[in-house]
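Those letters in the sequence shown? Residues -21 to -1, 1 to 379, per mature numbering (1 follows the signal peptide of the UniProt record, and there is no 0), in order. Where a beta carbon is used, it is the ideal one built from N, C-alpha and C, also for glycine. Remember, it's a predicted structure, so these values are computed and weren't measured experimentally. The block underneath contains the structure these notes are about, expressed in C-alpha cells.
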Amino acid sequence: MKFSSKVVLAILAACVSHSNGYVEVPGTNHLGGAYCKNADTEGEGSDPFSHDLAEVNDQTPFSCDEICRTNNELGGLRGFDISDGGICACHYDDGTSPAGCPAPFDICTTSYTGTGELALDNVGTGFECYVYTTFPVPASFTTESTGDPHFRTWKNEHFEFHGQCDLVMTKVKNFANKEGMDLEIHLRTNMVRYWSYITTAAIRIGNDILEVQGSAAKEDGIDKRHYHINFEHLGPLTHLGGYPVTISPRNNKYTIDLDKDYPGQSIEIKTFKEFVGVKIIGATEESFGNAIGITGDFNTGNTYARDGSTVLHDFNELGLEWQVLPSDGKLFHEIAKPQFPELCYLPEDPRGERARRLAESDITEEAAEVACASLKDDFDRKGCVYDILATQDMDMVGAY
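Right under this line is the structure:
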C-alpha cells in the first residue's frame, strides 16, 4: 500500500472527540480510519490510495500505528485513535491535523461503511475525505476514584462519599476467564471535618496484592514511593498477578498493564501528597463485564446494593453498603478503624459545614474554578474545584 508523496494524511479530528479522563468508546462493526486529500494538487479523480482491503481488514486499533507510520511520507504522524464518533485515524502527537487540511468538522462525517469510498466532498473546499480501513472494536469504558473521594461510575455518572472506612471499589470474579483469579480493588478513606480522602488503595489480582499509600514527601525521589507488595514494604515490584507493573519516573503513578489479555487496558494508581486515586482505563465487557462495587454495575451503570438488584441513590447508603466485610478478604497490611461490624464514620451535616467553611475560606470558588479551568474532563474539573475548596490548597490542581 503506497500513498502519493503529495497526499496529506490527516486526523479526522473533526469526527473524533478527545478528552482526558475519557469514559466510553462506543462499539461498532465499522471503525474506519481516513485521510484528507487535497483535490486541487492531486487532480480530479485521482486514486486516494491503492491497496487490497484483505491486507488490513484484520487490524485492531492497537496495531494500526504501524499502518499509519508506514504509509506516511510527511513524517510525524502517530497511530490510530478511537473516539466518540467511532473513527480511528492518523494524528500528530499533539492531536492536531497535518497542514493542508481544514478543521475536519468542516469536511467529514462519521458514517463510514467501507474502504476507498468517498465519504464527503465539500464543494468549494478542494478537500475530500476517504475511508482508510475498517475493523470491529468493542465498546470500552473508564471508571475511577480520586483522592477526595469523587467516584465515576462505568456510565460516567459522578458522586461523592465522604465517610471514613475501607470500601470495595470494584471486584471481578475469574478475571481474564481464569478460574479462581479474582481482581479486587479496595480503598481506605480518612475523614477530615466534612470531607474525606483516599489515603490508600489496594489491588489484588489472583494471589498478589499491591497496596499504595500517599506520601508527604515534597521531592519526586525514592522517598515518594510508599507501597507494599504482598505485605512487604517496598518489596520487588515487577508484576501483579502476572501483569507488568511500572512506576513513573516521578514515583507518583503505578501502572498495571493488562495488555497481554486485554490490549490497551490498564489500571493506574496515582498519588498526590497524601491523596490517592485509582483509574481503570479502556475496560470492555469482556474484561470487566461482571464488575461489582461502589462504582456500579458495568453493564447498566446502576449503583446496586450487594444483592445485585436494589439500586441505591443515597450515596451514604451506597458507601455503607460497600464497606469492606470480612468475607471480602484482607488486602491492607494493617487494620484501621472502623472495621465491620463498626460502620463507616460519616460527617455530620456535611453540606451545612461545607457552606460555613466556604464562607470563611480564603480561596473563593471563582479562584478555584480559574485554577482548574485547563482541565478538559468535566469529572476532573469538578473534583479539582471541590478539592481546592475543601483543603484550601491551590496546589491540589496537581492531583489531576
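A residue is called buried once 16 or more other Cβ atoms fall within 10 Å of its Cβ, and A262 is buried on that count. DSSP, read as helix, strand or coil, puts P223 in strand. Taking the Cα of E300 as reference, the smallest distance to any Cα among A315, P320, K309 and I314 is reached at P320. Residue nearest to E190 within the set F294, T234 and Y324 is T234 (criterion: CA-CA distance). Taking a cut-off of 8 Å for Cβ pairs, the stretch 169 to 182 and the stretch 278 to 292 do not touch, as fewer than three such pairs fall below it. Residue pairing for Q143: DSSP places it in a beta bridge opposite Y324. If you draw a straight line from the Cα of G377 to the Cα of V255, it comes to about 12 Å.
Annotation: I201 to P242 spans about 30 Å, alpha carbon to alpha carbon. Ranking E264, E345, A181 and Q244 by CA distance to the CA of K134 puts E264 first.
Taking the CA atoms as reference points, H129 sits about 31 Å from P215.
DSSP, read as helix, strand or coil, puts M375 in helix.
With respect to the C-alpha of L219, the residue from N230, D238, K203 and R229 having the closest C-alpha is D238.
For M160 and V151, the gap between their C-alpha atoms comes out near 9 Å.
Residue range E264 to F267 is occupied by the alpha helix (DSSP H) that includes S266, with no beta strand (DSSP E) assigned at that position. Contact annotation: R167 and T149 have beta-carbon atoms that are not nearer than 8 Å.
Annotation: N230 to L322 spans about 34 Å, alpha carbon to alpha carbon.
Shortest Cα-Cα distance from S227 to any of D341, I248 and D374 involves I248.
Cβ-Cβ distances below 8 Å link K232 to I226, E247, I248, K249 and T250 in the same chain, with the five nearest sequence neighbours on each side left out; the list follows chain order.
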